[in-house]
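Comments concern the structure below.
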Amino acid sequence: MDLDRFFLAAKAAVPAVAALSDAVRGNVLRAVADAVDAQADAVLAANAADLARMDAADPKFDRLKLTRERLAGVAADMRRVAELPSPLGKTIAETTRPNGLKIRKISVPFGVVGVIYEARPNVTLDVFGLCLKSGNVCLLKGARDAAETNAALAEIVRAALRRCGVPADACVLLPPEREAATALLRAVGNVDLVVPRGSRALIDFVRENARVPVIETGAGVCHVFLDTSADLKKARDIVLNAKTRRVSVCNALDCVLVHEGLCGKIGEIFAPLADFRVRIFADEKIRAALAGTYPAELLESAAEESFGTEFLDYKMSARVVPDLDAALAHIAAFGSKHSECVVAEDERICGRFLAEVDAACVYANASTAFTDGGEFGFGAEVGISTQKLHARGPMGLPELTTYKYVVRGNGQIRA
Numbered sequence: 001m002d003l004d005r006f007f008l009a010a011k012a013a014v015p016a017v018a019a020l021s022d023a024v025r026g027n028v029l030r031a032v033a034d035a036v037d038a039q040a041d042a043v044l045a046a047n048a049a050d051l052a053r054m055d056a057a058d059p060k061f062d063r064l065k066l067t068r069e070r071l072a073g074v075a076a077d078m079r080r081v082a083e084l085p086s087p088l089g090k091t092i093a094e095t096t097r098p099n100g101l102k103i104r105k106i107s108v109p110f111g112v113v114g115v116i117y118e119a120r121p122n123v124t125l126d127v128f129g130l131c132l133k134s135g136n137v138c139l140l141k142g143a144r145d146a147a148e149t150n151a152a153l154a155e156i157v158r159a160a161l162r163r164c165g166v167p168a169d170a171c172v173l174l175p176p177e178r179e180a181a182t183a184l185l186r187a188v189g190n191v192d193l194v195v196p197r198g199s200r201a202l203i204d205f206v207r208e209n210a211r212v213p214v215i216e217t218g219a220g221v222c223h224v225f226l227d228t229s230a231d232l233k234k235a236r237d238i239v240l241n242a243k244t245r246r247v248s249v250c251n252a253l254d255c256v257l258v259h260e261g262l263c264g265k266i267g268e269i270f271a272p273l274a275d276f277r278v279r280i281f282a283d284e285k286i287r288a289a290l291a292g293t294y295p296a297e298l299l300e301s302a303a304e305e306s307f308g309t310e311f312l313d314y315k316m317s318a319r320v321v322p323d324l325d326a327a328l329a330h331i332a333a334f335g336s337k338h339s340e341c342v343v344a345e346d347e348r349i350c351g352r353f354l355a356e357v358d359a360a361c362v363y364a365n366a367s368t369a370f371t372d373g374g375e376f377g378f379g380a381e382v383g384i385s386t387q388k389l390h391a392r393g394p395m396g397l398p399e400l401t402t403y404k405y406v407v408r409g410n411g412q413i414r415a
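Start counting the sequence shown at 1; every next residue gets the next number (the UniProt record's numbering).
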């Protein structure tokens, strides 16, 4: 498989893309959004072909599935990105040295950004939009499961680029085979950054094989801690939303930690979950508290592997903890540093939780479902970084830039 031609084509497009004005970038994104709306039937037909090859019970099925509404939402996100301020050429810091040298630190594109992602074809458009707006060329490596959908979307993008007089290779879709992912991770000199977006298995594969810089967007093992001071309605609504809004995404709830002082109220809090047939892997105290109020067939004994699992399904674990310290210890042991929530009216509890939990996003009295670039006002996201270097949390436009130092002098030389 001749993959070097893809990498070289992307690299060759870098100067032209970096030189585009923000107005031209915005015009391209709006043109793509309009084309996605106009060609929705063709995209949905391609998506239907991909879906036909996947078991509907597979947790990835919902991620793969596009509807007219979802497609319109992605196009709308692209239009929002087009209207956001450019992240380029920003002065991050500046100083004048005693010798008269003027030093400015300014934001610039990375160059070629590669993204490896699983069965989520919306990522094709989200990544392209954010990359172009931030002056980057994107190399896309989607999953075989979404091959036809990704190809249809990439062709829409490339056609719009050509119509706007921009090199089509500002967006390059790699073949869906696994070999392409390995080659991308080893494309030293042609790729400036790779962002994997998917399961823990994908992240581990990238970490073990990458020879180019990587920003990890890890799996989401998300917790909600219900303190004894929690407002019951808030607790019920937050748990229900975080778990059932969309189970196949990384910000979905996986484990509820219940303060032992609230255990008697857990039946009231968990009751709405039964309408969605949520299976609960619970410790002995939770099972006792739910006996007779929660469907017995949906209640199972928790094993050690029930904790620290990203379910991506209508399943979750639950455990009673004696206090906040025990909740913090559990999250430290089993969390993935993605999104964690406390439900409490006691401000001291909220303050400690927000300060002490080590995660990209920490919440007090709000659903973890808000961990999303669009919800944070970024228009879209490349992924949600769970590491600490360069980017953390939802990655929008600023996270797709690096910086350089621009130094102006007047003949200074160093002694």
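Beta carbons are placed, not taken as given, at the ideal position from N, Cα and C, and that holds for glycine.
For residue i and residue j, what's the separation of their Cα atoms in angstroms?
i, j, result
"D283", "S301", "6 Å"
"K90", "I106", "5 Å"
"V17", "G114", "15 Å"
"I280", "K337", "22 Å"
"E381", "A274", "32 Å"
"L51", "A201", "22 Å"
"R53", "K60", "12 Å"
"S199", "D254", "15 Å"
"V32", "G165", "13 Å"
"A56", "P295", "25 Å"
"N209", "G73", "34 Å"
"R207", "V195", "11 Å"
"R63", "G411", "58 Å"
"D145", "K11", "27 Å"
"C131", "T95", "30 Å"
"S367", "A154", "33 Å"
"D237", "L257", "15 Å"
"R352", "V188", "44 Å"
Mapping the DSSP letters down to three states, classify residue i as helix, strand or coil.
i, result
"G73", "helix"
"A201", "helix"
"G292", "coil"
"G396", "coil"
"E375", "coil"
"E340", "strand"
"T244", "helix"
"R53", "coil"
"T401", "strand"
"I413", "coil"
"L232", "helix"
"L20", "coil"
"S86", "coil"
"V28", "helix"
"A271", "helix"
"A333", "helix"
"C263", "helix"
"S306", "helix"
"C361", "strand"
"V249", "coil"
List the residues that DSSP assigns as beta-bridge partners of residue i.
i, result
"S317", "C255 and F281"
"A93", "K105"
"residue 425", "Residue 425 cannot be examined here, being either before or after the span of the chain that is shown, 1 to 415."
"I238", "According to DSSP, I238 bridges with nothing at all."
"I384", "P394"
"K406", "Position check: residue 406 holds Val in this sequence, whereas Lys was assumed. V406 is bridged to R104."
Hey, is residue i's beta-carbon within less than 8 Å of any beta-carbon in chain C?
i, result
"G396", "The structure shown contains no chain C; it is built from a single protein chain."
Would you say the segment 210-225 touches the segment 237-251, given that touching needs at least three Cβ pairs under 8 Å? The answer is yes - the segment 237-251 touches the segment 210-225, with three or more Cβ pairs under 8 Å.
Along the chain, which unbroken stretches of the alpha helix (DSSP H) at least 4 residues long are found entirely within the segment 153-227? Within the segment 153-227, the complete alpha helix (DSSP H) runs of at least 4 residues are 178-185 and 200-209.
Decide yes or no for the touch test of the segment 313-322 against the segment 274-288: beta carbon pairs closer than 8 Å, at least 3 of them. With the cut-off at 8 Å, the segment 313-322 and the segment 274-288 touch.
With contact counted as at least three CB pairs below 8 Å, one residue from each stretch, are the segment 174-193 and the segment 44-51 in contact? In this structure the segment 174-193 does not touch the segment 44-51; the number of beta carbon pairs closer than 8 Å is below three.
Check whether the segment 391-409 and the segment 82-102 are in contact - that is, three or more C-beta pairs closer than 8 Å. Contact between the segment 391-409 and the segment 82-102 is present: three or more C-beta pairs spanning the two stretches fall below 8 Å.
Whole alpha helix (DSSP H) elements within the segment 96-146, 4-residue minimum: If we require 4 residues or more, the alpha helix (DSSP H) runs fully inside the segment 96-146 come out as 122-133.
Any 3 or more C-beta pairs closer than 8 Å across the segment 175-190 and the segment 152-162: Between the segment 175-190 and the segment 152-162 there are fewer than three inter-stretch CB-CB distances shorter than 8 Å, so the stretches are not counted as touching.
Is the segment 381-393 close to the segment 257-269, with three or more CB pairs under 8 Å? Because the criterion of three Cβ pairs below 8 Å is not met, the segment 381-393 and the segment 257-269 do not touch.
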